[in-house]
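Step one of this worksheet: look at the structure below.
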Amino acid sequence: MDFALSDEERAIRDTVRAFVTREVMPLEAEVLRRERAHRPGLDRSELRELQLRAKKFGFWGLATPEEYGGMDLPAVMQSLIWTELGRSFVPFRFGGEADNILFHATEEQKREFLIPTIEGERISCFAITEPGAGSDAANIKLRARRDGDDWVLDGEKTFITNGNDADFAIVVAVTDPEKGARRGGATAFLVDRAMGWRSEFIQTMGEGGPASLIFDGVRVPHRNILGEIGQGFTLGMEWIGKGRYTIPSHAVGIAERALQMAIDHANTRETFGAPIATNQAIQWMIADSETELEAARWLILRSAWTVDQGLDPRHASSMGKLYGAGMVNRVVDRVLQIHGGMGYTRELPIERWYRQVRLYRIFEGTDEMQRLIISRDLLRGYTKIGGHLA
Ligand SMILES: Cc1cc2nc3c(=O)[nH]c(=O)nc-3n(C[C@H](O)[C@H](O)[C@H](O)COP(=O)(O)OP(=O)(O)OC[C@H]3O[C@@H](n4cnc5c(N)ncnc54)[C@H](O)[C@@H]3O)c2cc1C
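Under this note's numbering, think of the first position of the sequence shown as 6, with each following residue one higher.
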């Protein structure tokens, strides 16, 4: 058994680390200042400029196939990179990416939606959640009715990331209510904002925020169906599947950085004439955090490895998402505690992480949904205890 990174993995990881340290972290003070003034940490042009600089470093389209100019990296490598990005709270991600399901587009749709998204000229959002359908995503009601060469969409989506900025939405709508979404009754549509949907910003405890999308008789040409009629729910689950290892990989990076801050603070902050690090209470918080961080790291890398092996990654990635999201919440909470009153202030980014990571237990499948999947797999015998080693 070999737990080491390959030379190539280490080299790429170290290059990303250098980029984040040199180009991204110096922006942190300004990002905090802007967010405190209720402005976006980075605007669209600044993000693009950083992405183009990263492109010069060789980082463009981590998951994008080479024929579209991307790197097409294995999932383990992507996981390692998302961990490096997690080490800074600057809302940066590499450019050259597109929603995984956009690669199911027709050649014409690729020209109109996929390529401009990869190039950063258009912004997409993915919309399945509705006011009455979150965890129970198959209960969606937004209706698409055929009318000649068009479909007419009526209904509402909610909590849609990028919903306020997106130029187009990938919308999962009910095309056959008799069948139900899971059995071919839902279809994915590519819907330009110019076709008439509206967005309304939703305030959350995090920075930025998702949006509600309102569809009131929005006409969409038949040629804008993504994939096949009836394939919408399957595509939706494929979209969500990607986040099941990238989100917890990001969480590992956040926890690493925050824990290092706690260690540095514990060694320098003195109470009663000695550094607080000399207290067992503080040592145990550090020890528990490092242990959980390390456990999460391997669980998540294993789930990414499962993707690379062509095995069904769902069970492993549910465990990684569940444990990684919980781990980062516990670690950031302890880091805040170790910083005392300073941890609670907006002088430091800790309270920002505290608010940010709470989301990780909710979106792209709540903790409870991950537990449902893990236990169902075992109870129904879909998987064995011990995973691929069983
Ligand atoms: C900031 C943010 C960004 C998001 N981005 C997107 C996006 O881009 N696109 C998109 O489509 N959606 C997005 N979502 C939606 C997100 O995926 C849902 O919020 C999430 O799936 C939970 O659904 P819900 O909010 O309706 O909660 P509910 O489904 O109502 O669940 C409420 C609570 O009940 C629990 N629960 C529900 N059913 C069960 C059960 N059977 N057993 C045990 N417990 C259960 C849940 O775990 C949760 O704790 C986003 C959400 C947020 C907050």
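Just so it is clear, CB atoms sit at the ideal spot from N, CA and C, and this is done for glycine as well.
* Asked: Considering Ile-268, what are the terminal residues of the beta strand (DSSP E) in which it resides?
  -> That residue, Ile-268, is in no beta strand (DSSP E); its alpha helix (DSSP H) goes 237-273.
* **Beta carbon of Ile-287 nearer than 7 Å to that of Ile-355** => No.
* Can you tell me where the beta strand (DSSP E) with Lys-184 in it begins and where it stops? -> First-last for Lys-184: undefined, no H or E at that position.
* **Contained alpha helix (DSSP H) runs [length at least 4] in the stretch 95-158, N- to C-terminal order** => For the stretch 95-158, the full-length alpha helix (DSSP H) segments reaching 4 residues or more read 120-123 along the chain.
* **Neighbour-count burial assignment, Thr-253, 16 or more Cβ in a 10 Å radius** => Note on identity: in this sequence residue 253 is Pro, with Thr being the wrong assignment. Buried, because 16 or more other Cβ atoms sit within 10 Å of the Cβ of Pro-253.
* Excluding the five sequence neighbours on either side, which residues of its own chain have a C-beta within less than 6 Å of the C-beta of Glu-212, listed in chain order? -> Counting only Cβ-Cβ distances below 6 Å, and skipping sequence neighbours, we find Glu-40.
* Comparing the CB of Pro-121 with every heavy atom of ligand 1, is any distance shorter than 6 Å? -> For Pro-121, the shortest separation between its Cβ and any heavy atom of ligand 1 does not lie below 6 Å.
* Keeping to the same chain, check which residues put their C-beta closer than 7 Å to that of Ile-268; ignore five residues upstream and five downstream. => Excluding residues within five positions, the ones whose Cβ falls inside 7 Å are Ile-291.
* Give the single residue among Ser-93, Asp-172, Arg-18 and Glu-124 whose Cα lies nearest to the Cα of Trp-65. => Trp-65 has its Cα closest to that of Glu-124, out of Ser-93, Asp-172, Arg-18 and Glu-124.
* Do three or more CB pairs link the stretch 230-238 to the stretch 178-189 at distances below 8 Å? -> Enough Cβ pairs lie closer than 8 Å, so yes.
* Taking the alpha-carbon positions, what's the Asp-19 to Arg-38 distance? -> Computed Cα separation, rounded: 29 Å.
* Can you check whether the CB of Ser-217 is closer than 7 Å to the CB of Glu-233? -> Their beta carbons are not under 7 Å apart, which means Glu-233 does not touch Ser-217 by this criterion.
* Where does Pro-215 sit, in a helix, a strand or coil, going by DSSP? -> Reduced to three states, the DSSP call for Pro-215 is coil.
* To do: Measure the C-alpha to C-alpha separation of Leu-222 and Phe-173 and round it to an integer number of angstroms.
  => The sequence given here places Gly at residue 222; Leu does not occur at that position. As the crow flies, the alpha-carbon of Gly-222 is around 16 Å from that of Phe-173.
* Asked: What are the boundary residues of the beta strand (DSSP E) that includes Val-29?
  -> Note, Val-29: premise wrong, no beta strand (DSSP E); not H, not E.
* Decide yes or no for the touch test of the stretch 55-73 against the stretch 12-30: beta carbon pairs closer than 8 Å, at least 3 of them. => In short, these stretches touch, since the Cβ pair count reaches three.
* Would you mind sorting Ala-171 into buried or exposed? The rule is 16 or more other CB atoms within 10 Å of its CB. => Classification of Ala-171: buried, given that the 10 Å Cβ count is 16 or more.
* Asked: Heavy atom of ligand 1 less than 6 Å from the Cβ of Leu-364, yes or no?
  -> Yes; taking the cut-off as 6 Å, the Cβ of Leu-364 has a heavy atom of ligand 1 nearer than that.
* To do: Measure the alpha-carbon distance for Glu-161 versus Gly-137 and round it to whole angstroms.
  => Roughly 10 Å separates the two Cα atoms.
* Three-pair Cβ contact test at 8 Å for the stretch 85-99 versus the stretch 116-132 -> No, the stretch 85-99 does not touch the stretch 116-132.
* To do: Report the three-state DSSP secondary structure of Arg-44 (helix, strand or coil).
  => Arg-44: coil per DSSP, three-state reduction.
* Is DSSP giving Arg-228 helix, strand or coil here? -> DSSP places Arg-228 in helix when its eight states are reduced to three.
* Could you check the C-alpha separation between Trp-310 and Asp-12 for me, to the nearest Å? => Approximately 17 Å between the Cα atoms of the pair.
* To do: Any chance you could list the alpha helix (DSSP H) runs of at least 4 consecutive residues sitting entirely within the stretch 299-346, in chain order?
  => If we require 4 residues or more, the alpha helix (DSSP H) runs fully inside the stretch 299-346 come out as 319-343.
* For Glu-161: DSSP bridge partner residues -> Here Glu-161 is bridged, per DSSP, to Ile-219.
* Is there at least one non-hydrogen atom of ligand 1 closer than 6 Å to the beta-carbon of Pro-215? -> Pro-215 Cβ: within cutoff of ligand 1.
* **Nonlocal neighbours in the same chain, by C-beta distance under 7 Å from Glu-89, ignoring five residues either side** => Only Arg-18, Val-21, Arg-22, Val-25 and Gly-258 meet the Cβ criterion.
* Asked: Is the stretch 327-343 in contact with the stretch 362-375, if contact means three or more CB pairs nearer than 8 Å?
  -> These segments touch.
* Mind reading off the beta-carbon distance from Val-196 to Val-177? Whole number of angstroms is fine, and I expect it under 8 Å. => Not quite, the Cβ-Cβ distance comes to about 11 Å (not below 8 Å), so this is no contact.
* **As assigned by DSSP and simplified to three states, the class of Leu-78** => Here Leu-78 sits in coil by DSSP.
* To do: Confirm, please, whether the CB-CB distance from Val-225 to Phe-194 is below 7 Å.
  => Cβ atoms of Phe-194 and Val-225: closer than 7 Å.
* Asked: Between which two residues does the alpha helix (DSSP H) harbouring Glu-205 extend?
  -> Counted as a single uninterrupted DSSP element, the stretch harbouring Glu-205 is not any alpha helix (DSSP H) but the beta strand (DSSP E) occupying residues 203-206.
* Return yes when the C-beta of Ala-132 is under 6 Å from any heavy atom of ligand 1, and no when it is not. => If you check the C-beta of Ala-132 against ligand 1, you find a heavy atom less than 6 Å away.
* To do: Check whether the Cβ of Phe-368 sits closer than 6 Å to any heavy atom of ligand 1, and report yes or no.
  => Yes, ligand 1 has a heavy atom inside 6 Å of this Cβ.
* Asked: Of the choices Leu-78, Phe-8 and Lys-247, whose alpha-carbon is the least far from that of Leu-107?
  -> Selected option, being the one with the closest Cα: Lys-247.
* Asked: What is the C-beta distance between Glu-112 and Arg-228, in whole angstroms, given that I count them as a contact (C-beta under 8 Å)?
  -> Here Glu-112 is actually not in contact with Arg-228; their C-beta atoms are around 11 Å apart, not less than 8 Å.
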